[in-house]
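> Dropping the structure in here first, questions after.
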Amino acid sequence: MSIEVKEVSKIYGSQKALNEVSFSIKKGEIVGFLGPNGAGKSTMMKIITCFLPQSKGEVKVCGFDVSEDPMEVKKRVGYLPEHNPLYLDMYVREYLGFIAGLHGIKNKKERVAEIVKQVGLQVEQHKPIGALSKGYRQRVGLAQALIHDPEVLILDEPTTGLDPNQIVEIRNLIKSVGKSKTVMMSTHIMQEVEAVCDRVIIVNKGNIVADDSSQNIAVDSSKELVIKVEFGGAINQNELNAISGVTKVQQVEGSVWLIAATEDVRDAVFKFSVANETSVLEMQKVEQSLEDVFKSLTA
Ligand code: ADP
Ligand code: MG
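Rendered as structure tokens:
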């Protein structure tokens, strides 16, 4: 296991930000930590990265306890904090060299050159950080998180505040980095999880409300299966509604219908079309988006 969190609570004064949270993340997984503002995402990530002590519970990273062996944990974790604190007056290479020094990396120059290439900072590498766009500053943030080649990467809302092109670039970068590392990234954007992550942990008001593969979460929590079908010709609404398992039908346009059912009725719909001497031009399951799921889970 790369990350093991057992019954972790965090109390700020009188406010409970995390309530007995438990989950574990296997080596190599890319996990989305999804939740609205104030859910406790940053708090959880600060605890995993040894920036904040938990009030209760146990956290292990690569087998090391964050309270007992913080140095061993920090060696194995790269962290991009929520507001990506950077020294704006420093030059890109100078800053990354400084961070490499903090980690005690010996061949600093070579490592900085390597990481600059990996995150696509070649063109910007000789500029002061303050002169970079938000997207490139995020790359610098990723570079500092990656410089000591950690096994685990913790990214707190890495795409927040970026423009649409920058978002796509940073997501692709995370996906490519994620091929060889364990990644936990927080976000309040459902599409982000669908685009980047294998698995999603949904958190709300300090509690985990769902933990499954991105796909399963979308499918499982749909109480009804919805199928969109285009018939070759006109069909009778009442007859369509009479198919066993069908709960509702709705004509979208012409011979295109939405069919809600309690089970997979695609085979029955196909047989229905044959019996009615028409054809099926197209038939597909309508996926419930994570956004719908999220709304229903955190309402
Ligand atoms: P998220 O990252 O999901 O937006 P946070 O972990 O930042 O959530 O915050 C969770 C809750 O804890 C929020 O209600 C927030 O106001 C509170 N909180 C976070 N940091 C502190 C702090 N240093 N002192 C007091 N309350 C805090
Ligand atoms: Mg946060």
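Its first residue numbered -17, the sequence shown is counted upward by one per residue in the working numbering.
Think of the CB as a built atom: it goes at the ideal place given N, C-alpha and C, for glycine as much as any other residue.
#1: Who are the Cβ neighbours of V238 in its own chain at under 6 Å, not counting the five residues just before and after it?
#2: Residues around the ligand ADP, please: the condition is that the C-beta lies closer than 5 Å to some non-hydrogen atom of it.
#3: Extract the residue ranges of the alpha helix (DSSP H) inside the stretch 68 to 95, only unbroken runs of 4 or more that lie entirely within it.
#4: Please name the residue, chosen from S(-4), L0, Y(-6) and G(-5), that lies closest to K(-12) on a Cα-to-Cα basis.
#5: Report back the beta-carbon spacing between I(-15) and I30 to the nearest angstrom; my notes put them in contact at under 8 Å.
#6: Assess contact between the stretch 130 to 142 and the stretch 157 to 176, defined as three or more Cβ pairs (one per stretch) separated by less than 8 Å. Is contact present?
#7: Can you name, in chain order, every residue of its own chain whose Cβ lies under 7 Å from the Cβ of Y61, other than the five neighbours on each side?
#8: Expressed to the nearest angstrom, what Euclidean distance is found between the alpha-carbon atoms of L240 and E176?
#9: Give the C-beta separation of V185 and S196 to the nearest angstrom, bearing in mind that I take them to be a contact with Cβ-Cβ under 8 Å.
#10: Would you say the stretch 213 to 232 touches the stretch 249 to 263, given that touching needs at least three Cβ pairs under 8 Å?
#11: Which residues in the same chain have their Cβ closer than 8 Å to the Cβ of V(-10), if we skip the five residues on either side of it in sequence?
#12: Examine the ligand MG and report whether any of its heavy atoms sits within less than 8 Å of the Cβ of E174.
#13: Whole angstroms are fine: how far does the CA of F15 sit from the CA of N258?
#14: D138: beta carbon under 8 Å from a heavy atom of the ligand MG?
#15: Have a look at P132, I129, V134 and V122 and flag the residue whose alpha-carbon is nearest the alpha-carbon of I152.
#16: Residue range of the beta strand (DSSP E) that K(-2) falls in?
#17: Is Y(-6) buried or exposed, if buried means 16 or more other CB atoms sit within 10 Å of its CB?
#18: Where does D249 fall in DSSP's three states?
Well, looking at it:
#1: Counting from 1 along the sequence shown, the entry for residue 238 is found at position 256. These residues qualify, in order along the chain: E212.
#2: Y(-6), A(-1), N19, G20, A21, G22, K23, S24 and T25
#3: 74 to 84
#4: On the sequence shown, position 6 is the one that residue -12 refers to. When only C-alpha atoms are compared, the closest one is L0.
#5: What you label residue -15 is simply residue 3 of the sequence shown in a count that begins at 1. What you label residue 30 is simply residue 48 of the sequence shown in a count that begins at 1. With a Cβ gap of about 6 Å, I(-15) and I30 count as contacting.
#6: yes
#7: Counted from its first residue, the sequence shown places residue 61 at position 79. Same-chain partners within the cutoff: T31, A127 and I136.
#8: As a first step, residue 240 must be located in the sequence shown, where it is residue number 258. As a first step, residue 176 must be located in the sequence shown, where it is residue number 194. Spanning the alpha carbons of L240 and E176 requires a straight line of approximately 24 Å.
#9: Translated into positions along the sequence shown, residue 185 becomes position 203. Translated into positions along the sequence shown, residue 196 becomes position 214. Approximately 15 Å separates the beta-carbon atoms of V185 and S196; this is outside 8 Å, ruling out the contact.
#10: yes
#11: Locating residue -10 in the sequence shown gives position 8, where the first residue counts as 1. Excluding residues within five positions, the ones whose Cβ falls inside 8 Å are L0, E2, V3, S4, M26, I29, Q36, K38, G39, E40 and V41.
#12: Here the question's residue 174 lines up with position 192 in the sequence shown. No, the ligand MG has no heavy atom inside 8 Å of this Cβ.
#13: Taking the first residue of the sequence shown as position 1, residue 258 is located at position 276. Taking the first residue of the sequence shown as position 1, residue 15 is located at position 33. Looking at the two C-alpha atoms, the distance is approximately 48 Å.
#14: Along the sequence shown, read from residue 1 onward, the residue named residue 138 stands at position 156. Within the cutoff, so yes.
#15: Working through the sequence shown from its first residue, we reach residue 152 at position 170. Closest in alpha carbon position to I152, among P132, I129, V134 and V122, is V122.
#16: Along the sequence shown, one-based indexing puts residue -2 at 16. Per DSSP, K(-2) belongs to the beta strand (DSSP E) from Q(-3) to I7.
#17: The residue you call residue -6 lines up with position 12 of the sequence shown. Looking at its Cβ environment, which holds fewer than 16 other Cβ atoms inside 10 Å, Y(-6) is exposed.
#18: Your numbering for residue 249 matches position 267 in the sequence shown. The answer is helix: DSSP assigns D249 an H, G or I state.
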